[in-house]
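Colleague:
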Amino acid sequence: MVASSLLVPLPPAKSRSAAQKAAETGKPQLTGSKVDMAYDGSDVSALEQRLGNDARMLQLFHRALGTALGANEACDFAELPKTSTGTVKVASGLGIAHQLHRGSVHEGVTLHGIESHFHCVKVRGSGEQTWYAQLLLLFAYTDANGYDHDAAFVRWFKAFGRRPKHATSCKLKLLKWEVHKPRGMQPGPRTDVIKLNQIIGPCYIQQDPVNADFFYYNHWIGNTIDSE
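In structure tokens, the structure reads:
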């Protein structure tokens, strides 16, 4: 994953389809055109390419999806539950209702989860918390019981309290990539498969110009309002 894609986030692009429907219903909508891709087995090249040609990220996706399907973190990789077809239906975008100011009209915008177009989003966390993540993949899948789900594969940021010396006067929320050690793997990015309706909307996260390990949530620019 190339963190530099965060330096100049693309503005959410308007759409006449999923975005418009999201604005009307208040519910996030995957774009209509989806591509069926295998995530397990020998022919996973298409999905790996969508994840930035990163084999590790494909493994993380496999485990995160298995967890979303009911596995616990201690589950062996080979025993992870699978979708009904062993594939996922990958969408290029997500239509979501976007409101810049309280009282302003909701407009529909399209967010992306494709290489070089990874948007950052605010996510509804537990206990009414707001979490921050980078969209890596937008997709739908059918579980073993035949139920359909719209979901997103995300990489998490975490709030970091101790500011670097050059940024002690900065008032923006400080973030770092969150690190996790999945079973059977080396420590790496914390990722999850989340429900689409957990996504609040786009947010502007910028990288520290001096120390690339740090990021800042800029609440003044292009963010969907929430309960913060």
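Those letters in the sequence shown? Residues 0 to 227, by numbering that gives the first Met the number 0.
The beta carbon of each residue, even a glycine, is placed where N, CA and C say it ideally should be.
By the 10 Å Cβ neighbour count, where 16 or more other Cβ atoms means buried, how is G92 classified, buried or exposed?
Modeller: It counts as buried.
Colleague: Could you work out which residue in Y215, K20, T190 is closest to A96 when comparing CA atoms only?
Modeller: Residue K20 is the option with its Cα nearest to A96.
Colleague: Verify whether the separation of the beta carbon atoms of I198 and V120 is less than 8 angstroms.
Modeller: Cβ distance < 8 angstroms, so I198 and V120 count as in contact.
Colleague: Looking only at C-alpha atoms, which of G126, G85, K175, L135 sits nearest to Q48?
Modeller: Answer by Cα proximity: L135.
Colleague: Who does T190 pair with in a DSSP beta bridge?
Modeller: The partner list for T190 (beta bridge, DSSP) reads R154.
Colleague: State the DSSP-derived secondary structure class of A272, mapped to helix, strand or coil.
Modeller: This structure cannot settle anything about residue 272, because the visible part of the chain is limited to 0 through 227.
Colleague: Spell out the partners DSSP gives V178 in its beta bridges.
Modeller: V178 is bridged to P188.
Colleague: Check whether the segment 69 to 85 and the segment 123 to 132 touch, using three or more Cβ-Cβ pairs below 8 angstroms as the test.
Modeller: No: fewer than three Cβ pairs fall under 8 angstroms.
Colleague: Got a sec, what are the start and stop residues for the beta strand (DSSP E) K121 sits in?
Modeller: Its beta strand (DSSP E) spans residues 119 to 123.
Colleague: What does the Cβ neighbour count give for A130, buried or exposed, with the cut at 16 atoms within 10 Å?
Modeller: Looking at the sequence shown, residue 130 is not Ala but Trp. Answer is buried; the Cβ neighbour count reaches 16.
Colleague: Going by DSSP in three states, K20 sits in which element: helix, strand or coil?
Modeller: In the structure shown, K20 sits in a helix (DSSP, three-state: H, G or I).
Colleague: Taking the alpha-carbon positions, what's the H61 to F214 distance?
Modeller: Distance between the alpha carbons of H61 and F214 is about 27 angstroms.
Colleague: Do M56 and V89 have their CB atoms nearer than 8 angstroms?
Modeller: Against a cut-off of 8 angstroms, the Cβ pair of V89 and M56 comes out as no contact.
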